[in-house]
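Below is one structure; the comments refer to it alone.
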Amino acid sequence: MPATVSAPLRPASPSAVRRRLPACRRAATRLLTATALLLIATLALAQNPREAERRLEKVRGELKSVAEERRQLEGKRGDAARQLRDADEKVATTGRSLAQTQQALRQHQQTLAELERKRDTLRSGLVRQRAELAQLLRAAYAIGSNAPLKLLLAQDRVADANRLLAYHRYLQRERAQRIATLTHELQALEQVQREVAAKRQQLSAAQRQQQDQAAALQRDRTQRASLVSELDERYQDRSEREKALGQDAKALETLLANLRAAAARAEAERRAAAKRAAAEQAAQAKAAAKHPSRGGSKVPPKVVASAPALKVGGLGWPLSGDLIARYGGKLPDGRTSNGVLIAAPAGSTITAVADGTVVFSDWMTGYGMILIVDHGNGYMSLYAHNDALLRDPGDRVKRGDAVAKVGNSGGQGRPALYFELRRNGQPVDPSSWLQRR
Numbered sequence: 001m002p003a004t005v006s007a008p009l010r011p012a013s014p015s016a017v018r019r020r021l022p023a024c025r026r027a028a029t030r031l032l033t034a035t036a037l038l039l040i041a042t043l044a045l046a047q048n049p050r051e052a053e054r055r056l057e058k059v060r061g062e063l064k065s066v067a068e069e070r071r072q073l074e075g076k077r078g079d080a081a082r083q084l085r086d087a088d089e090k091v092a093t094t095g096r097s098l099a100q101t102q103q104a105l106r107q108h109q110q111t112l113a114e115l116e117r118k119r120d121t122l123r124s125g126l127v128r129q130r131a132e133l134a135q136l137l138r139a140a141y142a143i144g145s146n147a148p149l150k151l152l153l154a155q156d157r158v159a160d161a162n163r164l165l166a167y168h169r170y171l172q173r174e175r176a177q178r179i180a181t182l183t184h185e186l187q188a189l190e191q192v193q194r195e196v197a198a199k200r201q202q203l204s205a206a207q208r209q210q211q212d213q214a215a216a217l218q219r220d221r222t223q224r225a226s227l228v229s230e231l232d233e234r235y236q237d238r239s240e241r242e243k244a245l246g247q248d249a250k251a252l253e254t255l256l257a258n259l260r261a262a263a264a265r266a267e268a269e270r271r272a273a274a275k276r277a278a279a280e281q282a283a284q285a286k287a288a289a290k291h292p293s294r295g296g297s298k299v300p301p302k303v304v305a306s307a308p309a310l311k312v313g314g315l316g317w318p319l320s321g322d323l324i325a326r327y328g329g330k331l332p333d334g335r336t337s338n339g340v341l342i343a344a345p346a347g348s349t350i351t352a353v354a355d356g357t358v359v360f361s362d363w364m365t366g367y368g369m370i371l372i373v374d375h376g377n378g379y380m381s382l383y384a385h386n387d388a389l390l391r392d393p394g395d396r397v398k399r400g401d402a403v404a405k406v407g408n409s410g411g412q413g414r415p416a417l418y419f420e421l422r423r424n425g426q427p428v429d430p431s432s433w434l435q436r437r
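Position 265 of the sequence shown, counted from 1, bears residue number 265 in the UniProt record's numbering, the numbering being contiguous throughout.
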C-alpha cells in the first residue's frame with residue numbers, strides 16, 4: 001500500500017510563464033490585434049478611401065498570415081501527438097520484449113541449475129563405481145590369470161572346486177557389469193557436460209539480449225522524455241491544455257461507454273441463453289413426465305453463471321509505491337483525479353486487482369499505454385501511463401497476474417500508475433475497495 005503522499009508540484013512564477021508563452025498564445029494575440037485593426041480600417045474607409053484601402057489590405061495580409069500560422073501550429077500539435085504515441089508504443093514494445101527475455105533468462109538459469117545438480121550426482125556415482133571396480137581388479141590380480149585352474153587343482157573335493165569356480169564366474173560377471181555401468185555413466189556425464197556448456201551459452205546470449213534491450217529501453221525513455229519536454233513547452237497555455245485534457249477525458253468516457261455497452265450485450269446474451277436453457281429443461285421434464293420411458297436420455301444444458309460482484313475492501317493493490325494523488329484530488333497536470341496515482345520505479349510490475357477479462361490494451365491520448373479489465377457486473381479497472389502492456393484484449397486474468405509495467409507514457413512527468421475503478425461507467429474511490437495494509 002502506498003506509504004507516503006508526495007508534496008504537490010509548485011506552479012511556475014508569472015515571469016516564467018510569460019517567458020514560456022507558446023506560439024499559439026502569440027498567434028491568438030496577433031489575431032485579435034489584426035481583427036481590431038480591420039474594424040478600425042473599415043470605419044476609416046469613408047473618411048480617406050485611399051489610405052483606408054491601403055490599411056485594409058495590410059490588415060487583410062496580417063489576418064492571412066496569422067491564420068496560416070495558426071494552421072501550422074495545429075499541424076505541429078497533431079504531429080507532436082503522433083510522435084508521442086509512436087514513442088510510447090516503441091517503449092511499450094521494448095519493455096514487453098525485455099519482460100519476455102527476463103522470463104526466458106530465469107528459465108535458462110533454472111535449467112542450468114538442474115543440469116549442474118545432475119552432473120554433480122553423476123560425478124559422485126563415478127567416484128563410487130571406480131572405487132568398487134578397483135577392489136574387483138585388485139582381487140582379480142591377486143588370484144592371477146589362471147585362477148580357475150589354480151582353484152580346481154587346489155581343492156581335494158569336487159564340490160569345493162565347483163563352489164569356488166562359481167564364485168569366480170560371479171566375480172567375473174560383476175566386474176564386467178561394473179565396467180559397463182562405469183562406461184555408461186561416463187557417457188552420461190559427457191552428455192550432461194555438453195548440455196551444461198550449451199545452456200551456459202544460451203544463458204550468456206539471453207543476458208546480452210537483456211542488456212541490449214535494457215539499453216534500448218533507456219534510450220527510448222530518454223527520447224520520449226525529450227519529446228514530452230518539448231510538448232510541455234508547446235502546451236504551457238492553460239486554456240489550450242485544459243481543452244486538450246477535457247477532450248482526453250471525453251474520449252475515455254466514450255471508450256468506457258462502448259466497453260460497458262458491449263459487456264451489457266454479452267450479459268443480455270448470457271441471460272437469454274440461460275432462460276432458453278431453463279425453458280428447454282422444463283420442456284424436457286414435462287415431456288419426460290408424459291413419456292417416462294423417454295425421459296432422462298438428455299443431459300440438461302449447462303447454464304453459465306455470472307461473474308461474482310466485487311467486495312468492498314476485498315481487492316488487491318495493483319502496485320506498491322508512493323501515493324501522489326488521491327481520488328478527488330489534483331493530478332500533476334491539473335485535472336481532478338478520478339482514481340489514484342501511484343509512483344514507482346519504471347519497469348515495476350503492475351498486477352490485476354481482481355479476476356476479469358482484458359477488454360482494451362492500447363495507446364490512448366492523455367493516458368498513454370492503457371489497459372482496461374472488465375470484472376463483470378458493471379465493474380472495470382483502468383491502468384494508465386504504462387511503459388509496457390503484458391496482456392491483450394480477450395485475455396483472462398486472475399487477481400495478482402502481471403498485466404503491465406510502470407512507465408510515464410502519454411506525457412506523464414514521472415513514472416507512475418494511474419489507476420481507476422469504475423462501476424457502471426462511474427468512477428468510485430479505489431481506496432474504499434482496495435485492501436488495507
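Using N, Cα and C, we set each Cβ at its ideal position, and we do this for glycine too.
Here the structure is a predicted model, which means the values were calculated and not measured.
A direct Cα-to-Cα measurement between Arg399 and Gly376 gives close to 14 Å. Rounded to the nearest whole angstrom, the CA to CA distance from Asp392 to Thr365 is 19 Å.
A straight-line Cα-Cα distance of about 9 Å links Ala352 and Ala404.
The segment 192-211 and the segment 98-116 touch, with three or more beta-carbon pairs separated by less than 8 Å. In the three-state scheme derived from DSSP, where H, G and I count as helix and E and B as strand, Pro430 is classed as helix. Inter-residue distance for Glu195 and Leu115 is about 8 Å (C-alpha atoms, whole angstroms).
Ala216 sits close to Thr94, with the two beta carbons spaced by under 7 Å. In terms of Cβ geometry, Leu310 and Tyr418 do not form a close pair [threshold 7 Å]. Here the alpha carbon of Gly125 sits roughly 20 Å from the alpha carbon of Arg138. Look at Arg422 here: in three-state DSSP terms it is strand. Between Val406 and Ala344 the beta-carbon gap is near 5 Å, inside 8 Å, which marks them as a contact.
Contact between Ala384 and Gly368 holds, since their C-beta atoms are separated by about 6 Å, short of 8 Å. Taking all protein chains in view, the Cβ of Glu280 is surrounded by fewer than 16 other Cβ atoms within 10 Å, so the residue is classified as exposed. Secondary structure of Asn258 (DSSP, three-state): helix.
Asp395 sits in coil when the DSSP states are folded into three classes, being neither helix nor strand. Annotation for Ser381: the continuous beta strand (DSSP E) segment containing it runs Tyr379 to Leu389. By the neighbour-count criterion, in which 16 or more other beta carbons inside 10 Å mark a residue as buried, Glu420 falls on the buried side.
Taking all protein chains in view, the Cβ of Val91 is crowded by 16 or more other Cβ atoms within 10 Å, so the residue is classified as buried. Here Ala278 is exposed. Its C-beta has fewer than 16 other C-beta atoms within 10 Å. Taken through DSSP and simplified to helix, strand or coil, Val196 comes out as helix.
Bridge partners of Asp322 according to DSSP: Ala343. Val353 sits in coil when the DSSP states are folded into three classes, being neither helix nor strand. Taking 7 Å as the cut-off, the beta carbon of Leu434 is found no closer than this to the beta carbon of Trp363. Assigned with DSSP and collapsed to three states, Asp374 falls in strand.
Counted as a single uninterrupted DSSP element, the beta strand (DSSP E) harbouring Lys405 occupies residues Ala402 to Val406. Distance from the CA of Ser361 to the CA of Leu371, rounded to the nearest whole angstrom, comes to 4 Å. Inter-residue distance for Ala262 and Arg200 is about 49 Å (C-alpha atoms, whole angstroms). Our two residues, Asp387 and Leu259, have alpha carbons roughly 23 Å apart in a direct line. With a cutoff of 7 Å on beta-carbon distance, Ser432 and Val358 are scored as not near each other.
Your pair Asp374 and Gly356 checks out as a contact, with CB atoms roughly 5 Å apart and the cut at 8 Å. Its Cα nearest to that of Gln100, the residue Leu390 stands out among Leu390, Ser409 and Arg117.
In terms of Cα proximity to Asp88, the closest of Asp220, His184 and Lys330 is Asp220. With respect to Gly339, Pro430 sits close: the two C-beta atoms are nearer than 7 Å. Gly368 has Met364 as its beta-bridge partners, per DSSP. Lys311 sits in coil when the DSSP states are folded into three classes, being neither helix nor strand.
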